[in-house]
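Report on one structure; see the data block that follows.
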Amino acid sequence: MKPIRAAALALLLAVWTAGCGGGPEVDGAGPVWLVIGVDGADWGVVNALWERGELPHLKALAERGVAGVLRTSYGASPVIWTTVATGVVPEVHGITGFAIPTPDGDVPVSSKVRKVPALWNMLTTAGRRTAVVSWWASWPAERIAGVVVSDRVHPDLEDVVSPPELGARFAKWQRRARRETNLFDPRVSTAERDHLTQFVARQLLDVDFDLVLVYFRGVDIASHRYWKYWEPLRFPEVGPAELEELGSLVPSTYAATDAAIGRLVAEAGPETNVMVLSDHGFHALDREEVRILLDFDQVLARLGFQKRAGGKIDWDGTELYTFASAKFRLIKRIRYAPSVAEADKAALRERLAATLAQVTYEGGEPAFSVRDPGRYERRTGAEFVVEVAIPGASRDLVYRGERWPDAIQEISFLSGSHGKHTSGLIFAAGPDVNRDARLEGIHVHDVAPTVLYGLGLPVAEDFAGKPWLDLYSAEYRQARPLRTIASWGVTGAGEALASAADEEILDDLRALGYID
5 MKPIRAAALA LLLAVWTAGC GGGPEVDGAG PVWLVIGVDG ADWGVVNALW ERGELPHLKA
65 LAERGVAGVL RTSYGASPVI WTTVATGVVP EVHGITGFAI PTPDGDVPVS SKVRKVPALW
125 NMLTTAGRRT AVVSWWASWP AERIAGVVVS DRVHPDLEDV VSPPELGARF AKWQRRARRE
185 TNLFDPRVST AERDHLTQFV ARQLLDVDFD LVLVYFRGVD IASHRYWKYW EPLRFPEVGP
245 AELEELGSLV PSTYAATDAA IGRLVAEAGP ETNVMVLSDH GFHALDREEV RILLDFDQVL
305 ARLGFQKRAG GKIDWDGTEL YTFASAKFRL IKRIRYAPSV AEADKAALRE RLAATLAQVT
365 YEGGEPAFSV RDPGRYERRT GAEFVVEVAI PGASRDLVYR GERWPDAIQE ISFLSGSHGK
425 HTSGLIFAAG PDVNRDARLE GIHVHDVAPT VLYGLGLPVA EDFAGKPWLD LYSAEYRQAR
485 PLRTIASWGV TGAGEALASA ADEEILDDLR ALGYID
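Counting with my numbering, you get residues 5 to 520 for the letters of the sequence shown.
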């Protein structure tokens, strides 16, 4: 960013954040920290790529600082990243999964669900300034002493950035980012998002913040979808042509993220302390999982077995409907409409089976089959079952020679996964970092207190973890004795907030197997 632009942004923030703060006093300005989250980064991949001479920026951080395994106790990314940002366990901070059930359906987690302050709120209370870019569950962007560019950059949403006056400048950054070469492979769905993230973060690193938090998601997405090409020997079905085409996607996403980290570290300068961490690692699934996103009620309506009005079932004219059958379930529980007489049910089922037999995928493979419900399926409300076939699955369906474009919303193939104890990684380097620090046992609970200590701020006694004091040099520890407070407080009761982006977000989570 040109100096005049950086000065203008700094002036805007100074005006906006005037009056923020008023919490625990601090003993002068602490050193700047840059904290970079890389969702799903795994030590096995990093070490393998280092052996190939790749990931030079992570290698440089390890060589001038310290690196280790970051333990976790949770399997869901928003849970872990919120734990990292708050220092307390999920039951306290309020984000315990990917979505919140409401009477109108699931709603993705957001900053409104969080019940306690995150690091950026704590720094605001202390009169310090933070920049937050793309952190999970940061929408709607909160008013803080600093900047929030939330995790939902969506044209139909408000409160994407804070302060609101930053909106016009953010729109310019979006346009400029599109003109810059994107290092991320466009076949990975997060490529544009991660590219914009690094671009925006670079602009903000020219401004005088005490803490900058940046989050990249692409490694996680590539690992879920393309792990079988990283470890093809575990998946005998992977052929040479397929491996040639897709084998680079996991390593190239790591490489692009490493390059982005290098840009941010260079922009931040040598006086900045840097932490890079992941919420979990990855491993191969025992076998590939296929998820087909399909609203079968729409198929029933298209075939004349169901009538719909305003996006809902119109019971006047409906014969069949699905029950307790999420879009990604390959088993669709079918029930007869209340108006169908008992004597007519068998014939209606046979008519549906005959009709579905004429519905195929693009290559002619049958898309559906009808069968009796199993014991559990019957107990959970199914009168009979339709199974969605996997072989030959395509986005388009064909019925009596007529193509139904995009009848299936998405087909995802998942070969990589992680559990609640799949450890991540952590790097730290900078003028205040102890290069001989021992990180054995460090946990995601320890990140927030460790960062606060590194900023000269008090650590809360109600945190789940502890500040990892050994991460800091002896000189730093001597100059900055640990201070504590009882708590950084609470922010609210936590509430679900619906948005225009919800269905898109939920479908993305379904495609990755996170929710049904």
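Glycine included, every Cβ here is placed at the ideal spot set by N, Cα and C.
Query raised in the report: Cβ of D299 within 7 Å of Cβ of K336?
Result: Position 295 of the sequence shown holds residue 299. Position 332 of the sequence shown holds residue 336. For D299 and K336, no; Cβs fall outside 7 Å.
**Report entry** Own chain, CB closer than 7 Å to D506, minus 5 neighbours either side, in chain order
**Finding:** Against the sequence shown, residue 506 aligns to sequence position 502. Counting only Cβ-Cβ distances below 7 Å, and skipping sequence neighbours, we find V111 and P112.
Requested in this report: From the DSSP output, read off the bridge partner residues of F431.
Outcome: Here residue 431 refers to the residue found at position 427 of the sequence shown. According to DSSP, F431 bridges with A71 and V280.
Query raised in the report: Residues bridged to E323 by DSSP?
Result: By 1-based counting over the sequence shown, the position of residue 323 is 319. Beta-bridge pairing links E323 to no other residue.
Query raised in the report: Y403 to V39, Cα distance in whole Å?
Result: Locating residue 403 in the sequence shown gives position 399, where the first residue counts as 1. Locating residue 39 in the sequence shown gives position 35, where the first residue counts as 1. So the alpha carbons of these two residues sit roughly 53 Å apart.
Query raised in the report: Taking only runs of the beta strand (DSSP E) that begin and end inside the stretch 105-136, which ones reach a length of at least 3 residues, in chain order?
Result: Correct list: 109-112.
Query - Where G445 falls: helix, strand or coil (DSSP) - result: Residue numbering aside, residue 445 sits at position 441 when the sequence shown is read from its first letter. Reduced to three states, the DSSP call for G445 is coil.
Report task. Would you tell me roughly how many angstroms separate the C-alpha atoms of V157 and T359, rounded to the nearest one? Result -> Here the question's residue 157 lines up with position 153 in the sequence shown. Here the question's residue 359 lines up with position 355 in the sequence shown. CA-to-CA, the gap between V157 and T359 works out to about 43 Å.
Query - C-alpha distance - I430 paired with A441, whole-angstrom precision - result: Residue numbering aside, residue 430 sits at position 426 when the sequence shown is read from its first letter. Residue numbering aside, residue 441 sits at position 437 when the sequence shown is read from its first letter. So the alpha carbons of these two residues sit roughly 12 Å apart.
Query raised in the report: Which value, in whole angstroms, describes the spacing of the CA atoms of P395 and P409?
Result: As a position in the sequence shown, residue 395 is number 391, starting the count at 1. As a position in the sequence shown, residue 409 is number 405, starting the count at 1. Approximately 18 Å, taken between the alpha carbons.
Query raised in the report: Can at least three beta-carbon pairs, one atom from the stretch 196-212 and one from the stretch 260-277, be found at a separation below 8 Å?
Result: yes
**Report entry** Within 7 Å, strictly: CB atoms of A350 and G385
**Finding:** Numbered from 1 along the sequence shown, position 346 holds the residue referred to as residue 350. Numbered from 1 along the sequence shown, position 381 holds the residue referred to as residue 385. Against a cut-off of 7 Å, the Cβ pair of G385 and A350 comes out as no contact.
Query raised in the report: Considering A288, what are the terminal residues of the beta strand (DSSP E) in which it resides?
Result: Within the sequence shown, numbered from 1, the residue matching residue 288 stands at position 284. H287 to L297 is the span of the beta strand (DSSP E), which, as asked, contains A288.
Report task. Could you tell me if W319 is buried or exposed, where buried requires 16 or more neighbouring beta carbons within 10 angstroms of its beta carbon? Result -> Numbered from 1 along the sequence shown, position 315 holds the residue referred to as residue 319. Under this definition W319 is an exposed residue.
Query - A483 versus Y457: straight-line alpha-carbon distance, rounded - result: One-based indexing of the sequence shown puts residue 483 at position 479. One-based indexing of the sequence shown puts residue 457 at position 453. Cα-Cα distance, rounded: 12 Å.
Query raised in the report: Does the beta-carbon of S373 have 16 or more other beta-carbons within 10 angstroms, so that it is buried, or is it exposed?
Result: Counting from one through the sequence shown, the residue named residue 373 turns up at place 369. Exposed is the call here.
Query raised in the report: With C-beta atoms as the reference, is L253 less than 7 Å away from P236?
Result: The count along the sequence shown starts at 1 and reaches residue 253 at position 249. The count along the sequence shown starts at 1 and reaches residue 236 at position 232. Their beta carbons are not under 7 Å apart, which means L253 does not touch P236 by this criterion.
Query raised in the report: Of the residues P144, A122, W143 and G493, which one's Cα is nearest the Cα of T134?
Result: The residue labelled residue 134 in the question sits at position 130 within the sequence shown. The candidate whose alpha carbon is nearest that of T134 is A122.
Query - Supposed contact pair V152 and F174 - C-beta distance, whole angstroms, cut 8 Å - result: Position 170 of the sequence shown, counted from the start, is the residue given in the question as residue 174. Position 148 of the sequence shown, counted from the start, is the residue given in the question as residue 152. About 11 Å separates the two Cβ atoms, so there is no contact after all.
Report task. Run the CB neighbour count on E169, radius 10 Å, all protein chains shown included, and call it buried at 16 or more, exposed below. Result -> Counted from its first residue, the sequence shown places residue 169 at position 165. Answer is exposed; the Cβ neighbour count stays below 16.
Requested in this report: Pair every Cβ in the stretch 462-470 with every Cβ in the stretch 60-72, then say whether three or more of these pairs are closer than 8 Å.
Outcome: no
Report task. Out of S77, R353, T106 and H61, state which residue places its alpha-carbon closest to the alpha-carbon of E499. Result -> Sequence index remark: in the sequence shown, residue 499 carries index 495 (1-based). Ranking S77, R353, T106 and H61 by Cα distance to E499 puts T106 first.
Query raised in the report: Nearest-angstrom Cα distance between A88 and K176?
Result: Here residue 88 corresponds to residue number 84 of the sequence shown, with the count starting at 1. Here residue 176 corresponds to residue number 172 of the sequence shown, with the count starting at 1. Position check: residue 88 holds Val in this sequence, whereas Ala was assumed. The alpha-carbon atoms of V88 and K176 are separated by roughly 31 Å.
Query raised in the report: How would you label A490, buried or exposed, when you count the other beta carbons within 10 angstroms and need 16 or more for buried?
Result: On the sequence shown, position 486 is the one that residue 490 refers to. Exposed is the call here.
Query raised in the report: At which residues does the beta strand (DSSP E) containing E406 begin and terminate?
Result: Taking the first residue of the sequence shown as position 1, residue 406 is located at position 402. Looking at the DSSP string, the run of the beta strand (DSSP E) that includes E406 is E406 to W408.
Query raised in the report: Does the Cβ of A347 have 16 or more other Cβ atoms within 10 Å, making it buried, or fewer, making it exposed?
Result: Here residue 347 refers to the residue found at position 343 of the sequence shown. A347 should be labelled exposed.
Query - Beta-carbon proximity check, A432 vs L401, cutoff 7 Å - result: Locating residue 432 in the sequence shown gives position 428, where the first residue counts as 1. Locating residue 401 in the sequence shown gives position 397, where the first residue counts as 1. The answer is no: Cβ separation not under 7 Å.
Query raised in the report: Just reading off the alpha helix (DSSP H) that K232 is part of, what are its end residues?
Result: The count along the sequence shown starts at 1 and reaches residue 232 at position 228. Counting along the chain, the alpha helix (DSSP H) containing K232 begins and ends at G222 to W234.
Requested in this report: Could you please give me the residues that DSSP links to T364 through a beta bridge?
Outcome: Walking along the sequence shown from the start, residue 364 turns up at place 360. Answer is P370 and V402, bridged to T364.
Report task. Determine the burial state of G3: buried for a count of at least 16 other Cβ atoms within 10 Å of its Cβ, exposed for fewer. Result -> A query on residue 3 cannot be resolved here, the shown segment of the chain reaching from 5 to 520 and no further.
Query raised in the report: What first and last residue would you give for the beta strand (DSSP E) that runs through W37?
Result: Start at 1 with the first residue of the sequence shown, and residue 37 comes out as number 33. Here the beta strand (DSSP E) through W37 covers W37 to V42.
Requested in this report: Determine the DSSP secondary structure at S166, reduced to helix, strand or coil.
Outcome: Residue numbering aside, residue 166 sits at position 162 when the sequence shown is read from its first letter. Strand, per DSSP.
Query raised in the report: Just checking my contact of R375 with V389 at CB under 8 Å: how many whole Å lie between their CB atoms?
Result: For the purposes of this step, residue 375 is taken as the residue at position 371 of the sequence shown. For the purposes of this step, residue 389 is taken as the residue at position 385 of the sequence shown. The C-beta separation of R375 from V389 comes to about 5 Å, placing the pair in contact by the 8 Å criterion.
Query raised in the report: Cα-Cα, which of L161, I104 and T76 is closest to Y518?
Result: Start at 1 with the first residue of the sequence shown, and residue 518 comes out as number 514. Closest option to Y518, Cα to Cα, is I104.
**Report entry** Close beta carbons around K470, own chain, < 7 Å, minus the five adjacent residues each side
**Finding:** Taking the first residue of the sequence shown as position 1, residue 470 is located at position 466. The beta carbon of K470 lies closer than 7 Å to those of D450 and P453 in the same chain, with the five residues before and after it left out.
Query raised in the report: The beta strand (DSSP E) with K336 in it runs from where to where?
Result: If you number the sequence shown from 1, residue 336 lands on position 332. Following the DSSP letters along the chain, one finds K336 inside the beta strand (DSSP E) bounded by residues I335 to Y340.
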